[in-house]
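**Student:** In the working numbering, the protein residues as written are 19 to 490.
Ideal placement from N, C-alpha and C gives every residue a C-beta, glycine not left out.
None of these values were measured; they are calculated from a predicted model.
I am attaching a structure below and will ask some questions about it afterwards.
Here is the structure:
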């Protein structure tokens, strides 16, 4: 597969993460601008009305000292024209005086009291003004900015104020669009540099690594970045190294399986010949030969069993279970006899069974025998001279503990305890024993785990806990 074929297809710009981030940035900037515009346009309306009140009061100050407050018609109309009002009323504390007004003032549609200082009320009134399709006559009442003791009433049209508010909103909108586009471009470029480009490199590396995972040159180089992207890149590099090592091991295991499958038949024939020869030796009436024959036969049986175990493991065949109900103590005792026979000095080894005689279990007896045999054999090979097997039953589960007085497991063996060909604690070991035990137990629906017995106890070595369902 060529590098071009393995390179991931880049999405179109409209479907890319960059475009989505750009849209989100514009949306959130516009949303922020809307939240800012809402109170600002309400305040703009309030200031507009206050300026009308101030302008009306100032116009009245020019005529308040005229003799008998007589105002010529032309001057009155000029004052109303420049204040854009239909009428102006000045209210003092002790009197109410009509200053100027058109002959027939229009009907008031809405009274606006500037004394009511409500933030939400100003916002509601601002939206009400912007939503009007027809002009309304407003009667605005409020204190004069020049003299708060003087209350001014002014009649004005609403549409000039609405047009001013729309013009103000348009300026805010244009400014918001410019700010949002400028901010979006900055955010877009920043995200391209900080996130999109690194993620694109990671994606391309993953595609290249997928094509040839065993090629060390395709492992992504670790990044020096201290953020989440750098951590992801370093973790990806570690995962690729571990995956490449696992694939290489799988390749070696596959080659080993093929080799074992080829030699297994010939090896069985050779061992069968050795068994026939040992049978003939057993007929020799010699005490030394008779004492050596059991060990010779046991060694041949172990060789056959090791060959069979290796073949079964590399063929990935799950254990076939032949379920029966039996007493667990009898099985443990039989396994102890077999394990004890592995010792050159049987008198120096003790297999202690602390299993109740009435404890029964539904399982494959032969498979569990193999599992106990492997645990016991591992203990002997580690140098243990005393192995204790105990069992308890609770809530439909059987817990089986196998502990020994050996030296225990080194840290490097604990890390790869259940990994074939790497989990052995001794030189020359295959590491298949515990792997087979785990496969057998899991085939029954249970599990096996390492336990740490007390160091000052009688069994300071390795310990394994097997949990099995009481019934299958």
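Could you check if residue 221 is buried or exposed, using at least 16 other CB atoms within 10 Å of its CB as the buried criterion?
**Tutor:** Per the 10 Å Cβ criterion, exposed.
**Student:** Check for me: the beta strand (DSSP E) holding residue 174 runs from which residue to which?
**Tutor:** Residues 169-175.
**Student:** Given that a residue counts as buried once 16 or more other Cβ atoms are within 10 Å of its Cβ, and exposed if not, what is residue 256?
**Tutor:** Exposed.
**Student:** So residue 75 and residue 170 are in contact, right, with Cβ under 8 Å, and what is the actual spacing, rounded?
**Tutor:** Yes, residue 75 and residue 170 are in contact; Cβ-Cβ is about 5 Å, under 8 Å.
**Student:** Give me the residue from 378, 61, 262, 298 with the minimum Cα distance to residue 142.
**Tutor:** The candidate whose alpha carbon is nearest that of residue 142 is 61.
**Student:** Curious, which full-length alpha helix (DSSP H) runs of at least 4 residues does the stretch 235-280 contain?
**Tutor:** Those alpha helix (DSSP H) runs which fall completely within the stretch 235-280 and span 4+ residues do not exist here.
**Student:** How would you write the range of the alpha helix (DSSP H) that residue 37 sits in, first residue to last?
**Tutor:** Its alpha helix (DSSP H) spans residues 35-79.
**Student:** Touch check for the stretch 221-232 and the stretch 44-60: three-plus C-beta pairs under 8 Å?
**Tutor:** Contact between the stretch 221-232 and the stretch 44-60 is absent, because fewer than three Cβ pairs lie under 8 Å.
**Student:** What residues in its chain sit with their C-beta under 8 Å from that of residue 446, if we drop five residues either side in the sequence?
**Tutor:** Any reading at residue 446 must be qualified, since the residue scores a pLDDT of 47, below 50, and its modelled position is unreliable; the value itself is stated next. So the list is empty, once near-sequence residues are dropped.
**Student:** Quick check on residue 367: does DSSP put it in helix, strand or coil?
**Tutor:** Coil.
**Student:** Tell me, which residues are paired with residue 485 by DSSP?
**Tutor:** According to DSSP, residue 485 bridges with 417, 465.
**Student:** Please name the residue, chosen from 475, 377, 173, that lies closest to residue 404 on a Cα-to-Cα basis.
**Tutor:** It is 475.
**Student:** What does the alpha-carbon distance come out to for the pair residue 235 and residue 453?
**Tutor:** Going from the Cα of residue 235 to the Cα of residue 453 covers about 32 Å.
**Student:** Am I right that residue 357 and residue 398 are in contact with their C-beta atoms under 8 Å? What's the rounded C-beta distance?
**Tutor:** Contact holds; Cβ gap of about 7 Å.
**Student:** If you measure between the beta carbons of residue 173 and residue 189, is that distance less than 8 Å?
**Tutor:** No, Cβ-Cβ distance for residue 173 and residue 189 is not below 8 Å.
**Student:** What does a CB cutoff of less than 7 Å around residue 259 pick up in its chain, not counting 5 residues either side in sequence?
**Tutor:** Counting only Cβ-Cβ distances below 7 Å, and skipping sequence neighbours, we find 237.
**Student:** Tell me residue 380's beta-bridge partners as DSSP assigns them.
**Tutor:** Residue 380 pairs with 343.
**Student:** Around the Cβ of residue 147, are there at least 16 other Cβ atoms within 10 angstroms (buried) or fewer (exposed)?
**Tutor:** Residue 147 comes out buried.
**Student:** What does DSSP give as the partner residue(s) for residue 358 in the beta ladder?
**Tutor:** The partner list for residue 358 (beta bridge, DSSP) is empty, contrary to what the question assumes.
**Student:** Given this structure, state the Cα-to-Cα distance separating residue 154 from residue 180, to the nearest angstrom.
**Tutor:** Answer to the nearest angstrom: the Cα atoms are 10 Å apart.
**Student:** As a quick exercise: from 421, 469, 485, 265, pick the residue whose alpha carbon is nearest that of residue 370.
**Tutor:** The shortest C-alpha separation from residue 370 is found at 421.
**Student:** Let's test the definition: count the other Cβ atoms within 10 Å of the Cβ of residue 150 and tell me whether it reaches 16, buried, or not, exposed.
**Tutor:** Label assigned to residue 150: exposed.
**Student:** Using the C-alpha atoms, what's the distance from residue 472 back to residue 461?
**Tutor:** Residue 461 and residue 472: Cα-Cα distance of roughly 30 Å.
**Student:** Please classify residue 288: is it buried, with 16 or more other beta-carbons within 10 angstroms of its beta-carbon, or exposed?
**Tutor:** Looking at its Cβ environment, which holds fewer than 16 other Cβ atoms inside 10 Å, residue 288 is exposed.
**Student:** Where residue 496 and residue 483 are concerned, what is the direct C-alpha to C-alpha distance, given to the nearest angstrom?
**Tutor:** Residue 496 falls outside the range modelled here, since the chain spans only 19 to 490, and no answer is possible.
**Student:** Since I believe residue 488 is in contact with residue 380 (beta carbons under 8 Å), could you give me their beta-carbon distance rounded to a whole number of angstroms?
**Tutor:** At roughly 7 Å, the Cβ-Cβ gap stays under 8 Å, so residue 380 and residue 488 are in contact.
**Student:** Residue 451 and residue 396: beta carbons closer than 8 Å?
**Tutor:** Against a cut-off of 8 Å, the Cβ pair of residue 396 and residue 451 comes out as a contact.
**Student:** Could you work out which residue in 374, 206, 70 is closest to residue 161 when comparing CA atoms only?
**Tutor:** Closest by alpha carbon: 70.
**Student:** Smallest Cα separation from residue 459: which of 41, 431, 415, 434?
**Tutor:** Per the Cα distances, 415.
**Student:** Could you name the residues of the same chain whose beta carbon sits closer than 6 Å to that of residue 423, not counting the 5 residues immediately before and after it, in chain order?
**Tutor:** Result list for residue 423: 402, 404, 477, 479, in chain order.
**Student:** Short check: CB of residue 408 to CB of residue 373, under 8 Å?
**Tutor:** Going by C-beta atoms, residue 408 is nearer than 8 Å to residue 373.
**Student:** Of the choices 166, 202, 97, whose alpha-carbon is the least far from that of residue 48?
**Tutor:** Ranking 166, 202, 97 by Cα distance to residue 48 puts 202 first.
**Student:** State the Cα-Cα distance for the pair residue 198 and residue 43, rounded to the nearest angstrom.
**Tutor:** If you take the alpha carbons of residue 198 and residue 43, they lie about 7 Å apart.
**Student:** Which value, in whole angstroms, describes the spacing of the CA atoms of residue 352 and residue 394?
**Tutor:** Computed Cα separation, rounded: 12 Å.
**Student:** Measure the Cβ-Cβ separation of residue 262 and residue 232 and say whether it is below 8 Å.
**Tutor:** For residue 262 and residue 232, yes; Cβs fall inside 8 Å.
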